[in-house]
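In the working numbering, the protein residues as written are -7 to 389.
Note that beta-carbon positions come from the ideal geometry of N, C-alpha and C, so glycine has one too.
Please read these numbers as outputs of a predicted model, since none were measured by experiment.
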Ligand SMILES: Cc1cc2nc3c(=O)[nH]c(=O)nc-3n(C[C@H](O)[C@H](O)[C@H](O)COP(=O)(O)OP(=O)(O)OC[C@H]3O[C@@H](n4cnc5c(N)ncnc54)[C@H](O)[C@@H]3O)c2cc1C
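Written out as structure tokens, the structure is:
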């Protein structure tokens, strides 16, 4: 690889969203360089058949369909994917059951492991021959009249020191270096919550149902995995998380069993227990000159809606929808073009922020009137099939 590269687009960050962005643009015959801070490509990582990744995602049917169109699904082992046929939500006094059959659709979504999705994306990157600069330490951004230049620090495996392009896609996650270099500020809402994540083998079958219990600033989700396993994401206060993380495996099983009303019988914890601090972070701008933000670099949302990576993939879908309309001589980093992306994506981001903040507020409220209204709302949805159908159709988008 040459010391200096010139290309159309640089994608910084080889997480799920960055990999998908590189694949999508290469499929449109754009010249793309993917810049990863990891030492090597991860395409060949073999999945361990006996264990399940603790980090899993609920993907919407729309995301699954899109991953098929960009060739990523060809590398997915369907035996390690679990469909979500129904979703059961419990509030303080009432519950709501949403089934795929209520909306005449095959499934509400599916659960997939982070590792499997990552490996599949890398395999497609490899198959398409995407140029990847690994082990890269980004050092500086510089602008010239018609391009942006990314300077990279010399490292053992990296001979490339400079990449110039019309556009940089920042897919470098929550603490995005590109976003900071571009001077884009973020709005942070602290939930003071931590997600405690673990997998369990269950005594009773989960019947492909995703279960969620909403309490005051406390959401327990048990998501169906193959072979009678479930993935737990328990979003709790920082103090409660510290208590849960100090428990023995057996004690944790007891707590989860009690909180989940023993609906899945006895639980046996398998694998590691992981945790992640939960904030809502929103970039105030999604574009500046020749830079566009996607994925967690642009937005972090509460995992209660299971939408984070779906939202990031929708950023890429939108960008690709716009870039495909560009004519051959048009500048992909042109500001008026990037503005279209920003306008389109802000609406989706804001509605996701409102949904997660609204749910958190409604289920946590101590106000008797609001509490009653929440319960009344859930009952109305249960009683009205057309309302249920609309809600499901919106959720699977
Ligand atoms: C507990 C929990 C549960 C979740 N559950 C769900 C769910 O069910 N469904 C869902 O849709 N979402 C879920 N999410 C959200 C989801 O995990 C994220 O939205 C998603 O992983 C973001 O992907 P990304 O590629 O944008 O960022 P990241 O995964 O953070 O990837 C960024 C990449 O950029 C690299 N990088 C960083 N800096 C640089 C640099 N300077 N140079 C080069 N590379 C760099 C990093 O190494 C990394 O590889 C959950 C999140 C949490 C915390």
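Rounded separation between residue i and residue j - CA only
i, j, result
"residue 102", "residue 199", "13 Å"
"residue 311", "residue 333", "6 Å"
"residue 205", "residue 47", "20 Å"
"residue 243", "residue 378", "43 Å"
"residue 340", "residue 51", "16 Å"
"residue 210", "residue 229", "7 Å"
"residue 116", "residue 63", "7 Å"
"residue 57", "residue 89", "25 Å"
"residue 336", "residue 313", "11 Å"
"residue 309", "residue 246", "42 Å"
"residue 213", "residue 295", "10 Å"
"residue 152", "residue -6", "6 Å"
"residue 108", "residue 127", "22 Å"
"residue 69", "residue 263", "20 Å"
"residue 30", "residue 106", "17 Å"
"residue 13", "residue 3", "7 Å"
"residue 104", "residue 331", "33 Å"
"residue 232", "residue 185", "9 Å"
"residue 42", "residue 66", "22 Å"
"residue 172", "residue 139", "19 Å"
"residue 283", "residue 133", "11 Å"
"residue 118", "residue 305", "19 Å"
"residue 5", "residue 129", "11 Å"
"residue 201", "residue 235", "28 Å"
"residue 224", "residue 136", "49 Å"
"residue 96", "residue 329", "38 Å"
"residue 111", "residue 49", "14 Å"
"residue 131", "residue 159", "17 Å"
"residue 92", "residue 80", "12 Å"
"residue 338", "residue -4", "35 Å"
"residue 55", "residue 342", "19 Å"
Nearest-angstrom Cβ-Cβ length linking residue i and residue j, presumed shorter than 8 Å
i, j, result
"residue 227", "residue 270", "6 Å"
"residue 154", "residue 144", "7 Å"
"residue 176", "residue 276", "6 Å"
"residue 189", "residue 266", "4 Å"
"residue 27", "residue 0", "So it is not a contact: roughly 14 Å between Cβ atoms."
"residue 113", "residue 285", "In fact, because the Cβ distance is near 19 Å, the residues do not count as touching under 8 Å."
"residue 297", "residue 344", "7 Å"
"residue 22", "residue 240", "About 53 Å; that fails the 8 Å criterion."
Extent of the continuous alpha helix (DSSP H) run through residue i
i, result
"residue 247", "241 to 251"
"residue 125", "Segment 123 to 125 is the beta strand (DSSP E) holding residue 125; no alpha helix (DSSP H) there."
"residue 232", "230 to 237"
"residue 115", "106 to 120"
"residue 170", "169 to 173"
"residue 216", "Counting along the chain, residue 216 falls outside any alpha helix (DSSP H), though it belongs to the beta strand (DSSP E) covering 210 to 217."
"residue 61", "53 to 61"
Enclosing beta strand (DSSP E) for residue i [first to last residue]
i, result
"residue 129", "129 to 135"
"residue 299", "First-last for residue 299: undefined, no H or E at that position."
"residue 201", "201 to 207"
"residue 11", "Note, residue 11: premise wrong, no beta strand (DSSP E); alpha helix (DSSP H) at 8 to 19."
"residue 145", "140 to 145"
"residue 318", "Run containing residue 318: none; DSSP gives neither H nor E here."
"residue 177", "That residue, residue 177, is in no beta strand (DSSP E); it is neither H nor E in DSSP."
"residue 82", "78 to 82"
"residue 263", "259 to 275"
"residue 1", "1 to 4"
"residue 161", "159 to 162"
"residue -4", "-4 to -2"
"residue 64", "Careful: residue 64 lies outside any beta strand (DSSP E) and carries neither H nor E."
"residue 285", "283 to 285"
"residue 26", "24 to 27"
"residue 91", "87 to 91"
Three or more C-beta pairs closer than 8 Å, one from the stretch 320 to 328 and one from the stretch 289 to 304: is that the case here? Touching, no, given that fewer than three Cβ pairs across the two stretches are closer than 8 Å.
Do the stretch 68 to 80 and the stretch 11 to 31 touch if we need at least three Cβ pairs shorter than 8 Å? Output reads no: the stretch 11 to 31 does not touch the stretch 68 to 80.
Contact between the stretch 214 to 229 and the stretch 251 to 267 is defined here as three or more beta-carbon pairs at a separation below 8 Å; is this criterion met? Yes, the stretch 214 to 229 is in contact with the stretch 251 to 267.
Could you check whether the stretch 243 to 252 touches the stretch 105 to 123, counting it as contact only if at least three pairs of C-beta atoms, one from each stretch, sit closer than 8 Å? The stretch 243 to 252 is not in contact with the stretch 105 to 123.
Is the stretch 272 to 288 touching the stretch 170 to 186 in the sense that three or more CB pairs, one from each, lie closer than 8 Å? The answer is yes - the stretch 272 to 288 touches the stretch 170 to 186, with three or more Cβ pairs under 8 Å.
Cβ contact check for the stretch 163 to 175 and the stretch 283 to 295: 3 or more pairs under 8 Å: Here the stretch 163 to 175 lies against the stretch 283 to 295, with 3 or more beta-carbon pairs under 8 Å apart.
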